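Heads up, the sequence shown is in UniProt numbering, so the first residue is 1 and it goes up one at a time. Using N, Cα and C, we set each Cβ at its ideal position, and we do this for glycine too. These numbers were taken from a predicted model, which means no experiment stands behind them. In what follows, a single structure is set out as structure tokens and then discussed.
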Amino acid sequence: MPSFEPNKRYLRELLIYCFNLKKSAAEAHRLLVEAYGEAALSERSCRKWFQKFKNGEFDVEDKERSGRPKVYKDAELEALLNEDSCQTQKELALTSGATQQNIMYRSFTINA
């Protein structure tokens, strides 16, 4: 029989339920572990969410994050290198929009 694998949203909604029942974050964590084992949120996450609920924040969706670096595939970088193999890492970074560190790491993995 397949077992139910809860997602983050579901677990966070259960935390709201526990919060409304006046349970502590530690109690809520114990209940989640009892019901879902390894799939449960950490106690630290439970405390973080309980603090949000105490502040009146009940949106359980993940917030959009800005400024995350773009992920480039090795094939894209290899194509840029094939166009002009004399380009510096800095030039490749400017051309692709990736970080110079990402270019350096990827070029090592391509050539390995």
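Check your understanding: Is it true that the region 30 to 40 meets the region 50 to 67, where meeting means three or more beta-carbon pairs spaced less than 8 Å apart?
Key -> With a cut-off of 8 Å, the region 50 to 67 and the region 30 to 40 do not count as touching, because too few Cβ pairs lie within range.
Practice item. Provide the residue span of the alpha helix (DSSP H) that contains Val33, from first to last. Key: Where Val33 is concerned, the enclosing alpha helix (DSSP H) stretches over Ala25 to Tyr36.
Exercise for review: Check whether the Cβ atoms of Gln89 and Ile103 lie closer than 7 Å to each other.
Suggested key: Result yes, Cβ atoms of Gln89 and Ile103 sit closer than 7 Å.
Review point. Is the beta carbon of Trp18 less than 7 Å from the beta carbon of His29?
Key: The identity of residue 18 in the sequence shown is Cys, whereas the question assumes Trp. For the 7 Å CB-CB criterion, Cys18 and His29 do not form a contact.
**Study point:** Supposed close pair Ala39, Glu5 - CB separation, criterion 8 Å
**Key:** Confirmed, about 6 Å.
Practice item. Please report how far the alpha carbon of residue 123 lies from the alpha carbon of Ala93, in whole angstroms. Key: Here the chain comprises residues numbered 1 to 112, so residue 123 is not present and cannot be evaluated.
Exercise for review: Can you tell me which of the three DSSP states Cys18 falls into?
Suggested key: Look at Cys18 here: in three-state DSSP terms it is helix.
Practice item. Along the alpha helix (DSSP H) that carries Phe50, what are the first and last residues, could you check? Key: Its alpha helix (DSSP H) spans residues Glu43 to Lys54.
Exercise for review: Could you tell me whether the Cβ of Glu5 comes closer than 7 Å to any Cβ of chain B?
Suggested key: No chain B is present in this structure, which holds just one protein chain.
**Study point:** Of the residues Arg9, Gly37 and Lys54, the one placed nearest Lys23, counting alpha carbons only
**Key:** Among Arg9, Gly37 and Lys54, the Cα nearest to that of Lys23 belongs to Lys54.
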